[in-house]
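Protein chains in written order, with this note's numbering: chain Y, 150 to 318; chain E, 4 to 414. Virtual Cβ for every residue (Gly too), placed ideally from N, Cα, C. All values reported here derive from a predicted model rather than from experimental measurement.
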């Protein structure tokens, strides 16, 4: 399959997958491009699954650099805080809270559950997810069920915590 | 059939069961109220998760041209032969030959330049280079040839370096052949000035620049790099590898008390500038104070020095603004003024934005998109030529993704 066509069709999806995984769009784009560069080197026979697998690995490596990322987040946080407020600050603030809660809820999942969920959201079927994650096909339903349940529960919990903080203020 | 397990229930909702499995589940559901309730819950859960995931959409995604991806892959492939076992020998031979040729033919040229004694005396004079005021600095309004500028900067650097370590002046005053020479300053850029007298000494006695105690530890190509790397040397990637290795060694040695020669030798290890993807940044620049030839000034002065508004990093605390000669900017243009802005982020990281305004000038092979440079020491830097004609280098001891995010914010 022509990789340039795969690039055109799946680059955005790959960036979204990575963005949801690591929460930094610029870095997600960087890693997505890196995955395609590697695909050019390896010429995989099933490029889409291969790309997402490589991307998941790259994202996992990112996660391992925990100390560096903490510095990064501090840095970005400092920049965000100094930006002027956008129009409609209340709406923007609320949305930002939702996004942060979703990111945190995702981060609380086990790595495999999170990746299965994100791959499903990117349109992967059970066969592709099992191939990308090295799981048996029969376990994908259970993995996704667990991931969805825990993700929603984590989000609700974060939302409750947020409400409690608001009340406390 | 017993109750439908959770995984099968989700697989059913996801529509991935085989026909027979699906029928089996439906038969059970039709008669099991409990499983019907679970199915409703699972349906609601799936919808909720989709809703939440939709909140996590990235902003507009720019899709780079496919040829850029291909170019990156090609650049990576091109780096592989660097570790060839055959080419280093050719690189050595070429480097040595050109080094001797340059040394021989530049005898007359260098005889007119100040020697170490002259420079040392100048350093001891009341108006030492480091004490000059901004008004005394060379300015963009006073055109100066690259050769003059670089020669002067080199002499100043030499003087400053001599003035600092106590033993160095004595060494310079002795002026004996035992004083190891200054190593190569050339970057391989046409028009760069040649080496001062002390360098010629090294050209004549190449290996003598390396302390005896260290000579055995150094691979031959690294020793050659100390000597050679004249402007005309063609790009030889194995030589670059050797230079990088030498730099890595230099970095390890940096913490040790360095004498003049060692200090200058490290500064001179710029042969790797031949590699288009590696720029010679000071390995510990983020942790160091401003380079010796930079002077702190007010931002307005720096802007006047640059001759145009400064490129800045909004949102970070500006600690210091320095001005200096273009010869201090790696990968930049010698003879043009340079400015560096030193910022600090909330976590205390020092972030340095170096800039030169090139106007209509262009640097051959310069990247127009921020390009990550990884020093052998691991220090990250981004450099690029922006559309307004600024040559920019952004460096800090932070992760490359942080640095990239910052590079995007340079205004």
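| request: Given a cut-off of 8 Å, decide if residue 267(Y) and residue 169(Y) are closer than it, judged by their beta-carbon atoms. | output: In the first chain, the residue the question calls residue 169(Y) occupies position 20. In the first chain, the residue the question calls residue 267(Y) occupies position 118. Going by C-beta atoms, residue 169(Y) is nearer than 8 Å to residue 267(Y).
| task | With DSSP as the reference, label residue 327(E) as helix, strand or coil. | result | As a working note, residue 327(E) is residue 324 in the second chain. Strand.
| In angstroms, rounded to a whole number, what distance separates the CA positions of residue 13(E) and residue 276(Y)? | Working through the second chain from its first residue, we reach residue 13(E) at position 10. Working through the first chain from its first residue, we reach residue 276(Y) at position 127. For residue 13(E) and residue 276(Y), the distance between alpha carbons rounds to 15 Å.
| field | For residue 288(Y), the nearest candidate out of 8(E), 403(E) and 79(E) (CA to CA) | value | Taking the first chain and counting its residues from 1, the one referred to as residue 288(Y) is at position 139. Checked all of 8(E), 403(E) and 79(E); the closest Cα to residue 288(Y) is 8(E).
| Tell me the DSSP bridge mates of residue 393(E)? | In the second chain, the residue the question calls residue 393(E) occupies position 390. 360(E).
| request: Could you spell out where the alpha helix (DSSP H) holding residue 305(E) opens and where it closes? | output: Along the second chain, read from residue 1 onward, the residue named residue 305(E) stands at position 302. Segment 302 to 309, the alpha helix (DSSP H) holding residue 305(E).
| said: I need the straight-line Cα distance from residue 298(E) to residue 327(E), nearest angstrom please. | reply: Numbered from 1 along the second chain, position 295 holds the residue referred to as residue 298(E). Numbered from 1 along the second chain, position 324 holds the residue referred to as residue 327(E). Taking the straight line joining both Cα atoms gives about 6 Å.
| query | Does the beta carbon of residue 155(Y) come closer than 8 Å to any beta carbon on chain E? | reply | Here the question's residue 155(Y) lines up with position 6 in the first chain. By this cut-off, residue 155(Y) is not an interface position.
| request: Please state whether DSSP places residue 372(E) in a helix, a strand or coil. | output: Here residue 372(E) refers to the residue found at position 369 of the second chain. Three-state result, residue 372(E): coil.
| Should residue 325(E) be flagged as near chain Y, meaning a C-beta pair shorter than 8 Å? | Taking the first residue of the second chain as position 1, residue 325(E) is located at position 322. No, because no Cβ of chain Y sits closer than 8 Å to the Cβ of residue 325(E).
| said: Any beta carbon of chain E sitting closer than 8 Å to that of residue 206(Y)? | reply: In the first chain, residue 206(Y) corresponds to position 57, counting from 1. Not one chain E Cβ lies under 8 Å of residue 206(Y).
| task | Determine the burial state of residue 301(E): buried for a count of at least 16 other Cβ atoms within 10 Å of its Cβ, exposed for fewer. | result | Within the second chain, numbered from 1, the residue matching residue 301(E) stands at position 298. Answer is exposed; the Cβ neighbour count stays below 16.
| request: Give the C-beta separation of residue 155(Y) and residue 197(Y) to the nearest angstrom, bearing in mind that I take them to be a contact with Cβ-Cβ under 8 Å. | output: As a working note, residue 155(Y) is residue 6 in the first chain. As a working note, residue 197(Y) is residue 48 in the first chain. Going by Cβ atoms, the distance from residue 155(Y) to residue 197(Y) rounds to 6 Å, so yes, they are a contact pair.
| Does any C-beta atom of chain E lie closer than 8 Å to the C-beta of residue 253(Y)? | Taking the first residue of the first chain as position 1, residue 253(Y) is located at position 104. Chain E contact via Cβ: absent.
| request: Could you spell out where the alpha helix (DSSP H) holding residue 408(E) opens and where it closes? | output: If you number the second chain from 1, residue 408(E) lands on position 405. 403 to 411 is the extent of the alpha helix (DSSP H) around residue 408(E).
| request: Identify which residue in 158(Y), 179(Y), 270(Y) and 256(Y) has its Cα closest to the Cα of residue 304(Y). | output: Numbered from its first residue, the first chain carries residue 304(Y) at position 155. Selected option, being the one with the closest Cα: 256(Y).
| task | Compute the Euclidean distance between the alpha carbons of residue 5(E) and residue 39(E), then round it to the nearest angstrom. | result | Counted from its first residue, the second chain places residue 5(E) at position 2. Counted from its first residue, the second chain places residue 39(E) at position 36. Rounded to whole angstroms, residue 5(E) to residue 39(E) spans 13 Å at the Cα level.
| What distance in whole Å lies between the Cβ atoms of residue 386(E) and residue 175(Y), which are believed to be in contact at a cut-off of 8 Å? | For the purposes of this step, residue 175(Y) is identified with residue 26 of the first chain, where counting begins at 1. For the purposes of this step, residue 386(E) is identified with residue 383 of the second chain, where counting begins at 1. The Cβ separation is near 17 Å, so there is no contact.
| Proximal chain Y residues relative to residue 72(E), where beta-carbon distance stays under 8 Å | For the purposes of this step, residue 72(E) is identified with residue 69 of the second chain, where counting begins at 1. Near residue 72(E) (Cβ distances below 8 Å), the residues of chain Y are 156, 182, 185, 186 and 189.
| said: List, in chain order, every chain E residue whose beta-carbon is nearer than 8 Å to that of residue 192(Y). | reply: Here residue 192(Y) refers to the residue found at position 43 when the first chain is read from its first residue. Residues of chain E passing the Cβ test: none, with the nearest at roughly 11 Å.
| Can the beta-carbon of residue 188(Y) be found less than 8 Å from the beta-carbon of residue 163(Y)? | Sequence index remark: in the first chain, residue 188(Y) carries index 39 (1-based). Sequence index remark: in the first chain, residue 163(Y) carries index 14 (1-based). It is not a contact, given that the beta carbons lie outside the stated cut-off.
| message | Here's the rule: buried if 16 or more other CB atoms are within 10 angstroms of the residue's CB, otherwise exposed. What is residue 295(Y)? | response | Indexing the first chain from 1 puts residue 295(Y) at position 146. With 16 or more Cβ atoms within 10 Å of its Cβ, residue 295(Y) is classed as buried.
| field | Chain-ordered residues of the region 387 to 404 of chain E with a beta carbon less than 7 Å from chain B | value | Absent here is chain B; the protein component of the structure consists of chains Y and E.
| message | Tell me whether the region 94 to 103 of chain E and the region 398 to 413 of chain E touch, counting them as touching only if at least three CB pairs, one residue from each stretch, are closer than 8 Å. | response | no
| query | On the premise that residue 358(E) lies in contact with residue 314(E), defined as a C-beta separation below 8 Å, what is that separation, rounded to the nearest angstrom? | reply | Working through the second chain from its first residue, we reach residue 314(E) at position 311. Working through the second chain from its first residue, we reach residue 358(E) at position 355. At roughly 5 Å, the Cβ-Cβ gap stays under 8 Å, so residue 314(E) and residue 358(E) are in contact.
| What does residue 75(E) touch in chain Y if you count any residue whose Cβ is under 9 Å from its own? | For the purposes of this step, residue 75(E) is identified with residue 72 of the second chain, where counting begins at 1. Result: 182, 183, 185, 186 and 189.
| said: At the 8 Å Cβ level, is residue 101(E) part of the contact set with chain Y, yes or no? | reply: The residue given as residue 101(E) occupies position 98 in the second chain. Judged by the 8 Å Cβ criterion, residue 101(E) is not in contact with chain Y.
| message | Among 45(E), 72(E) and 309(E), whose alpha-carbon lies nearest the alpha-carbon of residue 338(E)? | response | On the second chain, position 335 is the one that residue 338(E) refers to. Considering only alpha carbons, the answer is 309(E).
| residue 397(E) versus residue 282(Y) - alpha carbon distance | As a position in the second chain, residue 397(E) is number 394, starting the count at 1. As a position in the first chain, residue 282(Y) is number 133, starting the count at 1. Each residue's alpha carbon lies about 38 Å from the other.
| Just to check, is the beta-carbon of residue 316(E) closer than 7 Å to a non-hydrogen atom of the ligand PLP? | You won't find the ligand PLP in this model; it holds no ligand whatsoever.
| query | For residue 353(E) versus residue 345(E), is the C-beta distance shorter than 8 Å? | reply | Within the second chain, the letter at position 350 stands for residue 353(E). Within the second chain, the letter at position 342 stands for residue 345(E). Contact: yes.
| Pick from 272(Y), 207(Y), 263(Y) and 311(Y): whose alpha carbon is nearest that of residue 19(E)? | Taking the second chain and counting its residues from 1, the one referred to as residue 19(E) is at position 16. When only C-alpha atoms are compared, the closest one is 272(Y).
| said: Using a Cβ-Cβ distance cut-off of 8 Å, determine whether residue 49(E) contacts chain Y. | reply: Residue numbering aside, residue 49(E) sits at position 46 when the second chain is read from its first letter. Judged by the 8 Å Cβ criterion, residue 49(E) is in contact with chain Y.
| Three-state secondary structure assigned by DSSP to residue 7(E) | If you number the second chain from 1, residue 7(E) lands on position 4. Residue 7(E) falls in the coil class under three-state DSSP.
| task | Kindly identify the DSSP beta-bridge partner or partners of residue 383(E). | result | For the purposes of this step, residue 383(E) is taken as the residue at position 380 of the second chain. Per DSSP, 377(E) and 399(E).
| task | Report back the beta-carbon spacing between residue 356(E) and residue 316(E) to the nearest angstrom; my notes put them in contact at under 8 Å. | result | Against the second chain, residue 356(E) aligns to sequence position 353. Against the second chain, residue 316(E) aligns to sequence position 313. Indeed they touch by this definition, with Cβ atoms about 6 Å apart.
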